[in-house]
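One structure is given here, and the rest of the page talks about it.
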């Protein structure tokens, strides 16, 4: 019989803890929650198969215990989970990996019945999402180096212990930053196996986690991460491995685009949708709605494409009504194409918000890229070495587009900005060759005329 009452699962978990002589004094937050106190229980993640709750300390508000609730919705999944309960498997894997000395959360207890289950694990003190920590340290050289060095140690340990995770990505990894190091912990362990031999293909599949950084770390940094895993291998082979990982990341982006495209047109983890008197907004997560409306108001008032709000400059692109169907309008095409280029690691000016106004007009808010157009940069840099470097950077951009199956039908000097390295940190350090001319970069600012190989 399938359990539908969450309270029944809680009672079974309480009984399990009692049988194992668990004392609530060690984890009073768990004891209070089992007794019915929901004040410090916060839902932090939810999707169709499982939900995750954090039991927080009443003094500090920090998570002390995480409760994972497995609730498969489909009947076939319920039957499968009755025969091989996910909660039991993850509990046993956590225990086994902990005994091997691998950095995983400590499991406390589990229970299951009728295709559903609960798993309680201790929270890792001061842990953060590995993605969030990277955003905090990426522009601080010393902290950036510690982060990448810790990631290299973490991957080396997994491979050394012959751990096979078929779905290893940054969402399954937590990070703790200490004074002189960064440590990583593996979570969401259902897909983990300890095997007798880790094949080269399995190793490379796990190293695809690094491809999440393919837009942001240099080839030299990538080699420093991979070198401990491939001691004795020549640098050119490590470089080829890194290039193949980057290429694989873009292939996955193309494969998953249909699903990701839907997420960019509705409320999702990467895009928030809001309906206001102005119209329908789609905003990059983290971009404030009030700020977006202020930008559009200033744009309409001043009739200016470039506006400054709260000390930051933005570019506003306006579109007249061009299609009854929003999906085929020019503003929608720009919004989606730019996101897809960004996900492929192409240097492109990011869109932060899109307003579909009630009168049918479209407004796109884009980040401002400090720099000059490509043709003006050639005029300003009359030195032969500097011009050769600029052309080499342009050639690198064209080659990367071709490699990833991307065609820009209007690639000209007006659609390219040469980044000013003195006024903006380098977002794509691995793309452009070092030379005496300095780290010049070229960024796309127009994506409307872009075609992809599977479009």
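Residue numbers (the numbering used here): -9 to 445. No residue lacks a Cβ here, since even glycine has one placed at the ideal position from N, Cα and C.
{"Item": "Using only the alpha-carbon positions, how far apart do residue 372 and residue 285 sit?", "Value": "38 Å"}
{"Item": "Using only the alpha-carbon positions, how far apart do residue 110 and residue 100 sit?", "Value": "6 Å"}
{"Item": "Enumerate in chain order the residues of its own chain whose CB-to-CB distance from residue 120 is below 6 Å, with the five nearest sequence positions on each side excluded.", "Value": "160, 163 and 165"}
{"Item": "Could you tell me which residues DSSP pairs with residue 165 in its beta bridges?", "Value": "118 and 174"}
{"Item": "According to DSSP, is residue 415 helix, strand or coil?", "Value": "Here the model assigns residue 415 a pLDDT of 45, short of 50, so the residue's position is not dependable, and the following value carries that caveat. If DSSP states are grouped into helix, strand and coil, residue 415 belongs with coil."}
{"Item": "Are the CB atoms of residue 435 and residue 407 nearer to each other than 9 Å?", "Value": "yes"}
{"Item": "When you compare only the Cα positions, how much space is there between residue 90 and residue 140?", "Value": "19 Å"}
{"Item": "Taking the alpha carbon of residue 150 as the point to measure from, which residue in 133, 128 and 196 has its own alpha carbon closest?", "Value": "196"}
{"Item": "Can you tell me whether DSSP reads residue 421 as helix, strand or coil?", "Value": "Confidence in residue 421 is poor, its pLDDT being 39 and thus under 50, which makes the residue's placement unreliable; the coordinate value appears in the next sentence. Coil at residue 421, not helix or strand."}
{"Item": "If we ignore side chains and look at the alpha-carbon of each, how far apart do residue 5 and residue 208 end up?", "Value": "53 Å"}
{"Item": "Would you report the Cα separation of residue 40 and residue 296, rounded to the nearest angstrom?", "Value": "45 Å"}
{"Item": "Start and end of the alpha helix (DSSP H) containing residue 307?", "Value": "Taken as a continuous stretch (DSSP letters only), residue 307 belongs to no alpha helix (DSSP H), being part of the beta strand (DSSP E) at 302 to 309."}
{"Item": "Under the assumption that residue 105 contacts residue 62 (Cβ atoms under 8 Å), give the Cβ distance between them as a whole number of angstroms.", "Value": "6 Å"}
{"Item": "Please report how far the alpha carbon of residue 356 lies from the alpha carbon of residue 175, in whole angstroms.", "Value": "36 Å"}
{"Item": "Less than 9 Å between the beta carbons of residue 468 and residue 204, yes or no?", "Value": "The structure shown has nothing for residue 468, since the chain only spans -9 to 445."}
{"Item": "Apart from the five residues just before and just after residue 128, which ones in its own chain have a Cβ nearer than 6 Å to its Cβ?", "Value": "134"}
{"Item": "What are the boundary residues of the beta strand (DSSP E) that residue 296 is part of?", "Value": "296 to 299"}
{"Item": "Consider the C-beta atom of residue 32 and the heavy atoms of the ligand ZN; say whether any pair is separated by less than 8 Å.", "Value": "Ligands displayed in this structure: none; no statement on the ligand ZN is therefore possible."}
{"Item": "Please report the straight-line C-alpha distance between residue 392 and residue 96, rounded to a whole angstrom.", "Value": "47 Å"}
{"Item": "In the structure shown, what three-state DSSP assignment does residue 53 receive?", "Value": "strand"}
{"Item": "On the three-state DSSP scale, how would you describe residue 183?", "Value": "strand"}
{"Item": "Taking the C-alpha atoms as reference points, what is the distance between residue 7 and residue 55?", "Value": "14 Å"}
{"Item": "Where does residue 289 sit, in a helix, a strand or coil, going by DSSP?", "Value": "helix"}
{"Item": "I need the DSSP call for residue 139, collapsed to helix, strand or coil.", "Value": "helix"}
{"Item": "Cutting at 7 Å between CB atoms, please list the residues of its own chain near residue 437, excluding the five before and the five after it.", "Value": "324, 327, 328, 331 and 338"}
{"Item": "Name the DSSP beta bridge partners of residue 151, please?", "Value": "Residue 151 is not bridged to any residue."}
{"Item": "Round the Cβ separation of residue 46 and residue 30 to the nearest angstrom and send it over; I've been treating them as touching at under 8 Å.", "Value": "4 Å"}
{"Item": "Compute the distance between the beta-carbons of residue 308 and residue 281, then report whether it is under 9 Å.", "Value": "no"}
{"Item": "Is residue 87 closer than 9 Å to residue 235 when the C-beta atoms are compared?", "Value": "no"}
{"Item": "What first and last residue would you give for the beta strand (DSSP E) that runs through residue 31?", "Value": "31 to 36"}
{"Item": "According to the Cβ coordinates, are residue 273 and residue 343 closer than 9 Å?", "Value": "yes"}
{"Item": "If you run the structure through DSSP and keep just helix, strand and coil, what is residue 45?", "Value": "strand"}
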